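> This is the structure, below, for whatever I ask next.
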Amino acid sequence: MSRSPFPLRLGAASVLAAALAACASTPAPVDRGHDASAEPAPTGYLQGAAIPDSQALSPPPPAPGSAWAALDEAIARQATALRGSARFAQASADADLRFPAGAGQFSCALGIAVDSGHTPALYRLLQRSLIDASAATRAAKNHYRRPRPFMVNGEPTCTPDDEPHLRGSGSYPSGHTAIGWAWALILSEIAPERATALLERGRNYGHSRLVCNVHWYSDVQQGQALGAATVARLHDNAGFVTDLAAARQEIATARAQALPIPRDCAAEAAALATGLPDAR
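Those letters in the sequence shown? Residues -24 to -1, 1 to 256, per mature numbering (1 follows the signal peptide of the UniProt record, and there is no 0), in order.
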């Protein structure tokens, strides 16, 4: 669902490949700013039965010829009409979940820069919950094996280099959406004063998958449901709760430091203002 990951150093590759199998082209989180050999490979907080069972939680995707399938197709037509626009460029940027850059996807909505140096607990929280939310979509993706929109309508995507890989990854539910919605919920809890902006960002992060022509609307809806299910399970994990509290403190410190955000937040806001009328 996004750009191909850079090669991982040492053992991190095998760990993350398994954790992110649900979102087949979601790039593994990689911090290339220092020697990864000195650090353990990142893992999710959730293991085994603690990961939501997406097959049990996900009804079948819309049947061909149904009213729900017609809605998917209508929204896909609206979304592909945005090709070449600023919204299409933003959707392409949203597709990239590689760390460290992926940690900044919600920085504008949060109002602070997120990096491993100034906000290490928050960085870790986002990195590990990404793995959990992605893993939470695996069973349903593998079970339904739904073709992606570009495979059906023949229109381009915003990440053409990924298309061969995406053909082998089920469309339903959307892994990127599950990750983005989980992040929106987590960050809204940490920074409730920014909740509206963060939840709006979580919604339009999922809509970027429509604009990219790699997911149907029903994929995105179910991705949100699984993102929420993941966060519900995370609250029963002691490591997550500890990092959540530490991240809340880091945000307060970062706001006081007023560090610059390495993103063009005005351009991002303008691009995201171009919405999909029926995708609400």
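Heads up, the beta-carbon is just placed ideally off N, CA and C, and yes, glycines get one too.
In this text the structure is predicted, and so the values were computed from the model without any measurement.
Do Asp219 and Leu101 have their beta-carbon atoms positioned less than 8 Å apart in this structure?
yes
> Taking residue 258 as the reference, which of Ile155, Gly24 and Gly80 has the closest Cα?
The structure shown does not extend to residue 258, since the chain is modelled only from -24 through 256, so no value can be given for it.
> Phe126: which of Thr56, Gly251, Ala173 and Ile227 sits nearest, CA to CA?
Thr56
> Do Phe64 and Val187 count as a contact pair if the criterion is CB distance below 8 Å?
yes
> Name the two residues that bound the continuous alpha helix (DSSP H) containing Ala39.
No alpha helix (DSSP H) holds Ala39; DSSP gives it neither H nor E.
> Could you spell out where the alpha helix (DSSP H) holding Val90 opens and where it closes?
Looking at the DSSP string, Val90 is not in any alpha helix (DSSP H), and its letter there is neither H nor E.
> Cutting at 6 Å between CB atoms, please list the residues of its own chain near Glu226, excluding the five before and the five after it.
Thr95, Ala97 and Leu98
> Tell me which same chain residues have a C-beta within less than 6 Å of the C-beta of residue 320, skipping the five on either side of it?
As displayed, the chain neither begins before -24 nor continues past 256, which places residue 320 out of reach and without an answer.
> CA-CA distance, Asp48 and Tyr193?
Going by C-alpha positions, Asp48 is about 5 Å away from Tyr193.
> From this set, Leu163, Leu235, Arg209 and Ala158, which residue's C-alpha is nearest Ala85's C-alpha?
Nearest option by C-alpha distance: Leu163.
> With Trp192 as the anchor, note down where its alpha helix (DSSP H) starts and where it stops.
Element bounds for Trp192: n/a, residue is neither H nor E.
> Please report the distance separating the alpha-carbon of Ser150 from that of Ala228.
32 Å
> If you count every other CB in all the chains shown that lies within 10 Å of the CB of Pro36, and 16 or more means buried, which is it?
exposed
> Run through DSSP, which three-state label would Arg239 get?
DSSP places Arg239 in coil when its eight states are reduced to three.
> For Ala111 and Asp29, what's the separation of their Cα atoms in angstroms?
Each residue's CA atom was taken as its position, placing Ala111 and Asp29 some 9 Å apart.
> Just to check my reading of the structure: Ala115 and Gly203 have Cβ atoms closer than 8 Å, yes? What is that Cβ distance to the nearest angstrom?
About 15 Å; that fails the 8 Å criterion.
> For Pro40, decide whether its Cβ has a neighbour in chain D, counting only Cβ atoms nearer than 8 Å.
Any reference to chain D falls outside this structure, which holds one protein chain only.
> If you count every other CB in all the chains shown that lies within 10 Å of the CB of Arg122, and 16 or more means buried, which is it?
By the 16-neighbour rule on beta-carbons within 10 angstroms, Arg122 is buried.
> Does the distance from the C-beta atom of Ile237 to that of Ala89 stay below 8 Å?
yes
> Let me make sure I understand the geometry here. Which of Asn180, Glu244, Trp159 and Gly24 has the alpha-carbon closest to that of Gln103?
Trp159
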